[in-house]
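Everything on this sheet refers to the single structure shown next.
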Amino acid sequence: MKYSLLIIFVLISITLTSQTPEQHLKKELLKKVANYVGVELPHDLHLFCLPCKLMMKQVQKFSKNTLLAIVKKEYLALCPHFYNMPHCLGKSRQYHDEFAVHFIDNYLKPSNACQLLGACKLEHHPQTLKEYINEVMHDKLTKEQQQSWKEKAEALLINNEDYKVVQYTDLHIDTEYSEGADAFCDAPLCCRKEYGTPKDPSKGAQYWGTLASCDLPFRTVQNLLEFTKEQIKPDFILWTGDSIAHDVWQQLESNQTVPTRIITEEIQKTMPTTQMYAMYGNHEAYPAEQYDMIGESSQWLRDETAEMWKQYLNQEAYYQLRRNGYYSQVDEKRNLKVIALNSQAYDYDNFFLMEGVTDPRGMLKWLVEELYDSESKNQFAIIIAHIPPGDISCNTQWADRFSVVIERFEHVVSGLFYGHTHSDQVSHIRSRIDGRYIKTLYIAPSVTTFTRYNPSFRVFYFNGKTNQIIDFSQYRLDLAKANKEGQNAILNWNIAYNFLEYYGLQSSRIEDVSTLGYKMRHDDEILKKYIYSYATGSEVRYNQHLKDLKKLFLKKATRNYFICGVETATYDEWFSCIGFIESLQDSAQIRYKIYELFYGKWLKD
Ligand SMILES: [Zn+2]
Ligand SMILES: [Zn+2]
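Pasting the structure below:
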């Protein structure tokens, strides 16, 4: 048994090596494995493909259960040193098994393994970024053409009023939140009855939410919606996903969209006439992150969300969401197309992508078609999605190509809105041709407190005659004050800052906003302001970052972490911006690089 696994691991490691190993080494290895599983190989190399496939079929069958058992055993031996046993069992079932299954299915798949071993001819060749740039950019409008396009587009908006857009993201309500329950338990999500009551009541869950590893009680969301209706009166709402609590190790597929439904119904009840554009996040998939972009096993999520958001969607958008898990819809009054993308297409924690990272479910190709359509109609477009392209879980190959598409249609796209990180951020797409800044990505902080964040949401102000963002207000709940006042408190959702004024920016044009990174590099006060808001004003988070800034060996890493985050919009750009030594401060970087090897290359059609 041990011998077979050794061979399989050698085989895997060879398939993962980026340099092509010697052909005869592959042959010898193949012969050994073939011998072991009882398949006879012909001497003629050119006839290798079919026998190789037959052999790999055997290997795949043979290895699956053995490998799964080993992964499980090793994980369950280690995990209890860090977490309690029910958590470990749940995680093992949901993630490690998922990972192993996708890994075996993909890498030991006969067609894949035999191609990588050189026994079968390559069916698809990798496509370089340069080739993609040539393909997408060949008909980009000149500067003059873009200018006249804009004039025509604005002429269509001449009578329009300015408008307000609310963005909610990462609400993560916890339907089992229990006031007084231990907020500092040993599970990854606390503030629940099952973890008991602490001796010191100040360590217990608070009425409106708790700055700990806790998600949010639903009442705080209800209050937020009331506040929005009374005080903001938005023209429309953007909702960028992640609504379920973080108890990922004990979730069930049948309950996965329950929080999304509860919140949707509450929004409909509170603001029945307000239009909303919504998209789900990585946590709505089951298990969290695991979303089948290629096959149909995640159809239940597309069906359920399309049904619950039906009243906001026109017929075409409803069918798009149901069929593909992404959609677009035009706000006719504003001649504005809202494009909702599904970020599971580029989330490296989604192991389904091991089946192929090349434009999963054709979403990028579809995006290009949608933007061509808007360009032809002199119509502006905004894009919403859950995970921002520069995130640590985002596949850089996708993010690079997305940046190219945005550059091609830079005159059409007037805003990009994300969530997922729970931090208050912006970042920037740069040109793949000349390096100049193209667009700001607006990454909003979470409504949930998880972990140790103050509940937050954003209000964007748009110029109705140009469909461009004028500015945004960052709203934040003073949680400590609210909890002190208890259940009768009138919650203060205060404006924490207005974006342009806070950072001393001239305007929200790309030329001005993109100076933020430079300002942070050269002015420590601006850097600290950014870090403070990044931490949503949470003293405990902010103080930790300040401490890191004072430590010699962490100072540069911490500075770069924030500055590079603002200046880049793909993981690889960020990685090279922070510097190699600094990147070693965080094991997540190493994990990303290992993932990169597993997921393979973007291929030609
Ligand atoms: Zn989230
Ligand atoms: Zn998320």
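Residue numbers (mature numbering (1 follows the signal peptide of the UniProt record, and there is no 0)): -17 to -1, 1 to 588.
Ideal placement from N, C-alpha and C gives every residue a C-beta, glycine not left out.
Nonlocal neighbours in the same chain, by C-beta distance under 6 Å from residue i, ignoring five residues either side
i	result
D275	S281, F335
A518	R524, Y525
C174	Y160, A164, A166, A188, T193, C197
Q568	A540
F(-9)	In this predicted model, F(-9) has a pLDDT of only 48, less than 50, meaning its place in the structure is not dependable; the value taken from the coordinates is given anyway. So no residue of the chain qualifies.
N475	D461
W232	H70, G73, K74
K584	P109
Residue nearest to residue i in terms of C-alpha spacing, selected from the options
i	options	result
residue 653	V395, M337, Q380	Residue numbering for the chain in the displayed model covers -17 to 588; residue 653 lies beyond these limits and cannot be assessed.
T541	T553, D555, Y190, I564	I564
Y146	F482, F443, L124, L580	F443
E137	N475, K448, I478	K448
D230	N466, Y485, K47, L172	L172
F82	N67, N95, Y58, C97	Y58
E144	N318, P34, W283, I220	N318
P109	Q572, A427, M346, D342	D342
A102	V321, E213, L124, M38	M38
E272	L33, T253, N333	N333
K216	K182, S185, T256	T256
V387	I322, S566, T553, C32	T553
K212	N48, Q251, L199	Q251
E162	R492, A300, W191	W191
E353	A382, S376, A300	A300
E358	L235, K123, Y401	K123
I577	K104, A60, M262, M337	M337
N95	P63, N48, L33	L33
E279	I416, R344, Q298, M262	R344
N117	H64, I416, V42, V321	I416
E315	Q258, Y302, Q294	Q258
A472	I53, Q489, G179, N206	N206
Check whether residue i and residue j have beta carbons under 8 Å apart
i	j	result
Y458	S521	no
T152	S429	yes
Q150	F440	yes
residue 589	Y480	The displayed coordinates of the chain run from -17 to 588. Any statement about residue 589 would go beyond what the structure contains.
I453	L399	no
H85	K587	no
A170	N67	yes
P93	K36	yes
Y331	Y115	no
V119	R419	no
F219	V148	yes
L361	K135	Per the sequence shown, the amino acid found at residue 361 is Asn instead of Leu. Going by C-beta atoms, N361 is nearer than 8 Å to K135.
L221	Y269	no
P438	Y401	no
F210	T158	no
F455	F482	yes
T551	G339	no
F558	S566	yes
Close Cβ partners of residue i (< 8 Å) along its chain, the five nearest in sequence each way excluded
i	result
R305	R285, D286, A289
V549	Q408, V409, S410, H411, L499, G500, M503, Y513
D531	L537, K538, A540, T541
S(-5)	At S(-5), the pLDDT of 47 sits below 50, so the modelled position is not reliable; the number obtained from the coordinates is stated separately. Nothing listed; no residue qualifies.
G487	K502, I509
E236	Y269, W283
K186	D165, A166, F167
Cβ-Cβ separation, residue j to residue i (assumed contact under 8 Å), whole Å
i	j	result
K422	E393	7 Å
T223	H369	5 Å
E249	L208	6 Å
L424	H403	Actually they are not in contact, since the Cβ atoms of L424 and H403 sit about 12 Å apart, beyond 8 Å.
N265	Q327	6 Å
L51	D80	6 Å
N378	Y329	5 Å
T431	L112	T431 to L112, Cβ: 36 Å. No contact.
S46	L91	6 Å
V204	I156	6 Å
Y575	I375	6 Å
Chain-order list of residues whose beta-carbon lies under 7 Å from that of residue i (same chain, five-residue window excluded)
i	result
I514	Y525, H528, F545
M291	T243, R244, T247
N450	L140, R317, L319, F363, S397
T253	L208, E209, K212
K182	none
N466	Q189, Y190, W191
- What are the start and end residues of each continuous beta strand (DSSP E) run of 3 or more residues lying completely inside the segment 261 to 286, in chain order? Taking only runs of at least 3 residues, no beta strand (DSSP E) segment lies wholly in the segment 261 to 286.
- Item | Contained alpha helix (DSSP H) runs [length at least 4] in the segment 317 to 368, N- to C-terminal order | Along the segment 317 to 368, the alpha helix (DSSP H) occurs as fully enclosed runs of 4 or more residues at 346 to 359, listed in sequence order.
- Task: Could you pull out every unbroken alpha helix (DSSP H) segment of at least 4 residues lying fully inside the segment 150 to 236, listed in chain order?
- Result: As far as the segment 150 to 236 is concerned, its whole alpha helix (DSSP H) runs of at least 4 residues are 201 to 210.
- What residue ranges within the segment 478 to 508 form continuous beta strand (DSSP E) runs of no fewer than 3 residues, ordered along the chain? Considered as a whole, the segment 478 to 508 harbours no complete run of any beta strand (DSSP E) with no fewer than 3 residues.
- Item | In chain order, each alpha helix (DSSP H) run of at least 4 residues that lies wholly inside the segment 56 to 129 | Segments of the alpha helix (DSSP H) lying fully in the segment 56 to 129: 68 to 74, 80 to 90, 93 to 99, 112 to 120.
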